[in-house]
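Down below is the structure, laid out as structure tokens.
Chains as they are written, first to last, in full-length UniProt numbering: chain A, 1 to 537; chain B, 1 to 240.
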């Protein structure tokens with residue numbers, strides 16, 4: 001088999017989808033009065049707001065994460081490990097579930113307002129609008145940034161602390177001379193990534209934006225298609241977003257990207273700046289604030305699910321139909337993402353290890369992240385326009401959602417599988433070549449036994465992501481076609497909070513079970529097989 | 001038996017040119033400093049690297065364009081010779097059939113090969129349960145069942161203790177004589193060459209600078225790079 005065959009298969013599918021969508025957008029735009037659309041003040045208001053909220057969200061997330069990472073780096077306290085673990089939960093929990101938690105804490109009838117009223121103050125509306133968007137984005141991004149920064153701080157060589165102690169550096173000298181240089185290498189990359197995520201964020205803005213005043217490009221595309229059916233406006237918005245995203249990604253590629261996120265707790269070195277008690281107070285306050293911000297919504301999700309409506313909600317057939325459809329979408333898109341990612345990596349591995357063309361290999365791997373340049377809604381709009389003349393687009397909802405979700409999971413698959421696959425080749429490629437183990441035999445005898453753990457992890461992550469995603473399903477969903485995240489969104493939109501709580505708990509549980517089932521299912525099988533062979537001896 | 005003529009290869013800014021000939025049944029050692037091209041030459045013979053020009057003949061057949069598995073060659077590396085998830089018997093069995101479809105006769109062949117390398121009753125162990133020397137014996141057993149006339153050893157024993165290393169070299173020497181193998185051994189240790197190789201070639205900076213009977217070569221005074229390598233140079237680093 002020629003080395004380029006797997007990658008060509010994957011790339012042609014990706015390019016066919018993306019290219020087809022872009023072509024359709026371009027052709028439609030040609031038939032529209034694009035300049036008329038571009039001249040509308042509405043459009044530029046949306047562009048401005050999108051940039052503004054992304055900049056503010058980035059500023060808040062990073063601005064909080066820097067003192068938090070610093071506090072975590074120099075304090076050791078009971079529950080620190082647990083806190084870090086719960087922080088990574090905010091990365092994997094379905095976005096819409098976390099939003100439910102945020103509403104339960106910060107909404108009009110939420111915990112914060114209840115608390116204020118208990119103390120005799122009158123409650124305030126601060127959630128819907130820019131405030132809600134910022135709370136949401138900070139909730140999702142601040143813990144991620146803090147982890148990346150903490151890792152950078154823990155990478156500071158211990159000798160630096162010895163020198164700092166010896167020369168009596170004060171806390172702010174330590175920051176200026178030791179910590180800031182360590183942070184500066186990762187900050188541009190991680191801030192750029194957060195900006196990008198907030199720029200294209202959909203579910204947070206849709207649910208917490210609270211109206212046309214606080215709309216981003218991604219949500220405006222959805223509204224134009226779903227409610228106004230204004231194809232011209234949707235295409236114009238999609239093209240504008242495409243241009244901005246392309247620009248941001250180009251800028252991002254020039255910045256340093258954060259290294260791989262490892263999920264272990266770091267050691268705390270003996271640092272000279274831990275004793276001062278103003279520092280202690282400040283660090284304590286930062287940690288408590290971050291905990292409240294992140295942990296309260298998670299607690300709300302966990303607690304609210306147990307309510308008296310649970311039995312009646314769980315008895316509804318539409319809920320179980322949504323469970324079934326969610327699982328079908330999650331498993332199909334995860335398998336497709338694995339297939340595409342595996343194909344890309346098989347080719348890039350040969351480029352890397354046998355042909356020594358590292359740059360070409362890196363470029364091939366980067367093509368998996370195309371979905372960052374062409375956001376899901378741009379893709380969905382393009383496919384929508386493309387297929388409209390041929391078929392009932394809503395009838396094509398299922399395959400379209402699967403395809404878009406697969407492309408969204410693809411960068412993660414490549415990231416989780418890439419390292420182990422390259423390592424595997426490093427160990428065994430020459431041996432396999434010399435023994436003539438190739439093709440399916442190699443896949444079955446060598447790759448599968450060695451790679452089933454990372455494969456299981458990649459598949460589990462992809463499936464969980466897809467299961468919890470509220471994205472293009474919002475565009476294609478209907479009465480008969482809905483996933484659990486969409487049901488949850490609808491329940492929250494109708495202010496049926498008790499029902500929403502049950503669905504949020506159900507969805508979280510389902511994500512957890514699916515993740516464990518895939519990861520342990522494959523991992524354990526391997527374990528047994530090995531045990532049996534050893535037992536023979 | 002092995003004829004390497006005008007073989008050129010480029011790695012970064014070092015251009016290498018090799019000419020070498022090995023007689024059937026002999027053991028040739030390739031000595032030289034690291035980065036000098038020993039392993040590259042071995043990789044070219046095994047087919048892991050493609051030369052820019054030149055020709056490799058084995059048993060009178062031009063193998064330059066063949067893939068590693070098609071060449072009448074078996075390689076033994078310093079590490080990663082075994083698949084950690086397969087048992088000893090399976091690892092050896094791969095030498096008989098790369099798909100591991102083994103009948104009773106093949107399984108018996110595997111067992112006998114393991115006896116040859118003095119590993120009995122370890123068939124069902126995993127590589128992790130073996131010592132470093134035992135692991136290299138398994139790899140040797142596999143190269144026996146493959147029945148390829150040319151055995152290429154790329155410093156396969158340099159990670160072992162001195163005594164164990166000499167024992168493994170003696171085992172290779174015995175197998176060579178019993179099976180009529182031709183052996184090319186890459187090493188940076190002159191003792192390895194003295195122990196089992198009748199002839200030695202000295203490589204440095206991508207060329208074979210000298211070759212001849214091992215003892216003559218190692219006791220000689222030419223070329224200067226060889227004296228530097230052996231540490232017998234009188235004038236230190238003066239004459240590079």
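Each residue gets a CB set at the ideal place from its N, CA and C atoms; glycine is no exception.
These numbers come from a predicted model, not from an experiment.
In this structure residue 202/B touches residue 217/B by the C-beta definition: roughly 7 Å separates them, less than 8 Å.
In the DSSP assignment, residue 11/B forms a beta bridge with 14/B. Nearest CB-CB separation between residue 73/B and chain A: below the 9 Å threshold. Out of 240/A, 100/A, 500/A, the CA that lies nearest to the CA of residue 308/A is found in 500/A.
Pairing residue 304/A with residue 504/A, the inter-Cα distance amounts to about 9 Å.
Here the alpha carbons of residue 368/A and residue 418/A stand approximately 11 Å from one another. Within chain A, the residues 435 have their CB atoms less than 8 Å from the CB of residue 95/B, given in chain order. Neighbours of residue 430/A in chain B, taken as residues at a C-beta separation under 9 Å, are given in chain order as 43, 46, 48, 68, 75, 77, 80.
Boundaries of the alpha helix (DSSP H) harbouring residue 289/A: 277 to 304, taken from the DSSP string. Taken in chain order, the members of the region 439 to 450 of chain A whose beta-carbon sits within less than 7 Å of a beta-carbon on chain B are 441, 445, 446, 449, 450.
Counting C-beta atoms within 10 angstroms of its own C-beta, residue 30/A has fewer than 16 neighbours from the protein chains shown and is therefore classed as exposed. Residue nearest to residue 9/B within the set 31/B, 19/B, 122/B is 19/B (criterion: CA-CA distance).
Proximity of chain A to residue 100/B at the Cβ level (cut-off 7 Å) is accounted for by 445, in chain order. For residue 207/B, the enclosing beta strand (DSSP E) covers residues 207 to 213. The DSSP assignment places complete alpha helix (DSSP H) segments of no fewer than 4 residues inside the region 342 to 423 of chain A at 358 to 366, 370 to 373, 376 to 387, in order along the chain. In the three-state reduction of the DSSP assignment, residue 127/A falls in the coil class, being assigned neither a helical nor a strand state.
In this chain, the beta strand (DSSP E) harbouring residue 154/B covers 150 to 154. Put simply, the backbone Cα of residue 212/A is about 27 Å away from that of residue 191/A. Counting other Cβ atoms within 10 Å of its Cβ, residue 6/B stays below 16 and is therefore classed as exposed. Closest in alpha carbon position to residue 108/B, among 160/B, 64/B, 148/B, 141/B, is 141/B. Within the same chain, and ignoring the five residues on either side of residue 9/A in sequence, the residues whose Cβ sits closer than 8 Å to its Cβ are 343. In terms of Cα proximity to residue 197/B, the closest of 181/B, 135/B, 138/B is 181/B.
Assignment of beta-bridge partners to residue 62/B by DSSP yields 57/B. Ranked by how close their Cα comes to the Cα of residue 163/A, the residues 393/A, 493/A, 273/A, 351/A have 273/A in first place.
Residue contact check for residue 9/B against chain A: no CB pair falls below 9 Å.
The CB of residue 83/B comes closer than 7 Å to the CB of 428, 446 in chain A, given here in chain order. For residue 151/B, no Cβ of chain A is located within less than 9 Å of the residue's own Cβ.
Under the 10 Å beta carbon count, residue 93/B is surrounded by 16 or more other beta carbons and is classified as buried. A check of alpha carbon separations from residue 88/A across 67/A, 139/A, 240/A, 75/A identifies 139/A as the nearest.
DSSP places residue 8/A inside the alpha helix (DSSP H), whose first and last residues are 5 to 31. Between the alpha carbons of residue 488/A and residue 125/A lies a gap of roughly 22 Å. Pairing residue 403/A with residue 478/A, the inter-Cα distance amounts to about 18 Å. Selection 6/A, 316/A, 26/A, 134/A evaluated against residue 381/A yields 26/A as nearest (Cα-Cα).
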